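Chemist: Pasting a structure below so you can have a look.
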Ligand SMILES: Nc1nc2c(c(=O)[nH]1)N[C@H]1C(S)=C(S)[C@@H](COP(=O)(O)O)O[C@H]1N2
Ligand SMILES: [Mo]
């Protein structure tokens, strides 16, 4: 006797899919309840984010690069979505397994929780104890939801004969199952939303902490850029990039929000007098202010991972003097609250170039995205070897004893910024024939820019006008008036630094120590 004979064709399929679906719903409940628990316990971050941090940390460089090139600056949201989707798929498999042996699925969900707990312990943003509790609660909620849903009718039809084929039990239980799983999805979504709200609220409280910061005054404030410091050309990048337009690069899935009241900077390692300094003490030290151009080693020729800002901070040398650096310490390591590290030769940090623990950016406390409450800024070094955001420790060690974050991932141990220039205008592919401004920026932090030249279609180089520099550490703008004739043309730019060295035309990829080559753009000049 078979019960399936009497049933509509679709029923069997529903019954077969049900355990997998129950698993998906259970995974959703685990994730949602996990968010809520994280919010209620003030865990600082969600489990999904903690797992994301773990993925970023362990991803092989090729995967990390692929992620960035496929998703661009959206690589972080994409990672979170990916983790959620994977968790739901995993739930599906567990649901199928549960139909045969519930213990297997329960163990799977417990393992799921264990991964979450491990990620929480490693996560820079998640509180350890709260994170483990959150993971346990999430796993328990998932197991409970799965058990409940399976009891409500997710058992496959083949589980056992039904005594009376005309009985409506099967249908009723299916309805019960659908209702229960719908309700569970609703609960999961509400819990997730509630958790997100609570986590965001705690971050908003910290935003107030930043808003309350009163920046100290530098000994010698830098002058505001005069009229000759920039050109008025539409589409040209501003000489000082506003904070909210400044490029952002970091491994942080969620931007750390550090409470300045709790923040401390430790100066440790090979020093005579290690010490710890809090935010008030740091900002009471003599301050200096400089324009410094920061750029990312990943910036391609013509790319926009570069910006210039006015930084306010304490000279690194002053902090190191106070600690007394061991002459054998050949490397300065900057460590972040999120575990990220940079490292550069001690002599570079002390050779007189601008090197500071910055607290201000363009007259404001550092934005959270750019390292509040304090970060390193070192003139002439790519960000990944120098510019630790959310700085928590400066450790003196040797070059042999420690490799910073990106070094084992295939990037150079030492990375001075290469001279580069970029064409911003014309930005579009088409321009009208006649006089056209060609303009952009050029940088060689530490050396300054002596000249910028432009040529059309590989012809003779033409000297561009260069803006009055805001110092050797800052980029300049350049401008050249082009008498554009109709047709297709290629514009090309090159810069010469303050040492008289002209930027190489030879192309090199960003890895391992920065891209080289001339920026070129193609334009179609149209008769009007
Ligand atoms: N804590 C932390 N600091 C960091 C990074 C990071 O991933 N984490 N990335 C570095 C890199 S690669 C660059 S290019 C600069 C970018 O600084 P910005 O985001 O303020 O432009 O920050 C540096 N400081
Ligand atoms: Mo970078």
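In the working numbering, the protein residues as written are 596 to 1123.
Built from N, CA and C at the ideal position, the CB exists for glycine as well.
Small disclaimer: the values here were computed from a predicted structure and weren't measured.
1) Does the count of Cβ pairs from the stretch 645-652 and the stretch 712-721 closer than 8 Å reach three?
2) Nearest to residue 838 by CA position, among 1056, 640, 960, is which residue?
3) For residue 621, which residues of its own chain have a beta-carbon under 6 Å away from its beta-carbon, when the five flanking residues on both sides are left out?
4) Assuming residue 953 contacts residue 902 (C-beta within less than 8 Å), just tell me the rounded distance between them.
5) Please determine whether the Cβ atom of residue 890 lies at a distance below 8 Å from any heavy atom of ligand 1.
6) Beta carbon of residue 776, beta carbon of residue 617: below 9 Å?
7) Which residue from 623, 1105, 653 puts its Cα closest to that of residue 682?
8) Would you mind working out which of 689, 927, 850, 628 sits nearest residue 782, comparing C-alpha positions?
9) Report yes or no: do three or more beta-carbon pairs, one from the stretch 998-1009 and one from the stretch 938-957, lie closer than 8 Å?
10) Between residue 1123 and the rest of its own chain, which residues show a CB-CB distance below 7 Å, the 5 nearest in sequence each way excluded?
11) Am I right that residue 1034 and residue 826 are in contact with their C-beta atoms under 8 Å? What's the rounded C-beta distance?
12) Per DSSP, residue 1008 is paired with what?
13) Could you check whether the stretch 802-813 touches the stretch 1047-1057, counting it as contact only if at least three pairs of C-beta atoms, one from each stretch, sit closer than 8 Å?
14) According to DSSP, which residues form a beta bridge with residue 870?
15) Answer yes or no: do residue 892 and residue 1014 have a C-beta to C-beta separation smaller than 9 Å?
16) Which residues in the same chain as residue 762 place their Cβ atom closer than 8 Å to its Cβ, once the five residues preceding and following it in sequence are excluded?
17) Can you give the beta carbon distance from residue 634 to residue 792, rounded, assuming they're within the 8 Å contact cut?
18) Residue 676: which of 1076, 631, 848, 934 sits nearest, CA to CA?
19) Leaving aside the five residues before and after residue 784 along the sequence, list all residues of the same chain whose C-beta is less than 7 Å from its C-beta, in chain order.
20) Rounded to a whole number of angstroms, what is the C-alpha to C-alpha distance between residue 1042 and residue 856?
21) For ligand 2, I want to know if residue 1000 counts as a neighbour, meaning its beta carbon is within less than 8 Å of at least one of the ligand's heavy atoms.
22) Please indicate yes or no: does the CB of residue 935 lie closer than 8 Å to some heavy atom of ligand 1?
23) Do residue 993 and residue 865 come within 9 Å of each other at the CB atom, strictly closer than that value?
24) State whether the stretch 963-979 contacts the stretch 883-898, with contact taken as three or more CB pairs (one from each stretch) at a distance under 8 Å.
25) Helix or strand or just coil, what does DSSP make of residue 838?
26) To which residues of the same chain is residue 999 closer than 6 Å at the C-beta, ignoring the five residues directly before and after it?
27) So which of 1031, 1059, 996, 1063 has the shortest CA-CA distance to residue 1124?
28) Starting from the Cα of residue 860, find the closest Cα among 887, 906, 932 and give me that residue.
29) Please report the distance separating the alpha-carbon of residue 655 from that of residue 768.
30) How far does the beta strand (DSSP E) with residue 953 in it reach, from first residue to last?
31) Alpha carbon to alpha carbon, what distance is there between residue 1057 and residue 651?
32) For residue 640 and residue 702, I'd like the C-alpha separation in whole angstroms.
33) Using C-beta distances below 6 Å, list every residue in its chain close to residue 1021, excluding the 5 sequence neighbours before and after it, in chain order.
34) Per DSSP, what kind of secondary structure is residue 639 in: helix, strand or coil?
35) Could you check the C-alpha separation between residue 643 and residue 699 for me, to the nearest Å?
36) Which whole-angstrom value is the C-beta distance of residue 906 and residue 951, which I expect to be below 8 Å?
Modeler: Here's the rundown:
1) yes
2) 960
3) 686, 737, 740, 741
4) Contact flag wrong, Cβ pair sits at about 14 Å.
5) yes
6) yes
7) 623
8) 628
9) yes
10) 1027, 1028
11) 6 Å
12) None; residue 1008 has no bridge partner.
13) no
14) 862
15) no
16) Here the model assigns residue 762 a pLDDT of 45, short of 50, so the residue's position is not dependable and the matter cannot be decided.
17) 7 Å
18) 848
19) 627
20) 38 Å
21) no
22) yes
23) yes
24) yes
25) helix
26) 936, 937, 938
27) For the chain, the structure presents residues 596 to 1123; residue 1124 sits outside this window and is missing.
28) 932
29) 47 Å
30) 950-956
31) 45 Å
32) 25 Å
33) 1118
34) coil
35) 23 Å
36) 7 Å
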